[in-house]
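What follows is a single structure, written as structure tokens, with notes after it.
In the working numbering, the protein residues as written are 19 to 226.
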């Protein structure tokens, strides 16, 4: 995902402070939830002045959206790297879906923080229309991408012809999203069983 709030991207000069501010937003959001994210608190976390934050992000909504985009970019990069780790004729495509799903689950501190940021944002977006367009856009793009891949698999004979790729994509994403949220409040000692359930669910949803 590319946006003009992406700090340090190839088409934009490096801005270490801008990146530090967005990192601070994610930290505060994961630690204290949506209501904890104030300009002053973010500035303190980033080690800068409130004016420096406001210079780069005119509104709180702009600040939150930009931080979420960074979190999403990080997850997408990991997923892309996983998908590129083996060609289709080496790694079964069902297994690739499972490996990509793992990158969205809170299995380490970084991914747990991303999950908390994403969930906190979604809860606020549910009651704030000014924030809801971004998750809808991301959801639509993800659903379209997965449905397209499923349609390609169907055309090649890897997926049964009677299934609807669009409905299957929605079901697959719902399974993964639900498991990600469940893991946020589940003890790590139970993760192995949840991962087994996820693998079984993906295999059941992708009949070959």
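Every residue, glycine too, gets a C-beta built ideally from N, C-alpha and C.
Since the model is a prediction, treat every value here as computed from it, not as a measurement.
- Taking 8 Å as the cut-off, the beta carbon of residue 225 is found closer than this to the beta carbon of residue 181.
- In the DSSP annotation of this structure, the continuous segment of the alpha helix (DSSP H) that includes residue 130 starts and ends at 127–143.
- The beta carbon of residue 46 lies closer than 7 Å to those of 54, 55, 59, 60, 63 in the same chain, with the five residues before and after it left out.
- Annotation note: the region 49–94 contains the following uninterrupted alpha helix (DSSP H) runs of length 4 or greater, listed N- to C-terminal: 57–64, 68–74.
- By alpha-carbon distance to residue 93, the top candidate from 114, 122, 86 is 122.
- Counting along the chain, residue 164 sits inside the alpha helix (DSSP H) bounded by residues 147–174.
- When rounded, the separation of the alpha-carbon atoms in residue 68 and residue 37 is 15 Å.
- Rounded to whole angstroms, the gap between the alpha carbons of residue 174 and residue 112 is 14 Å.
- Rounded to whole angstroms, residue 166 and residue 197 show a C-alpha spacing of 23 Å.
- DSSP places residue 203 in the coil class of the three-state scheme, outside both helix and strand.
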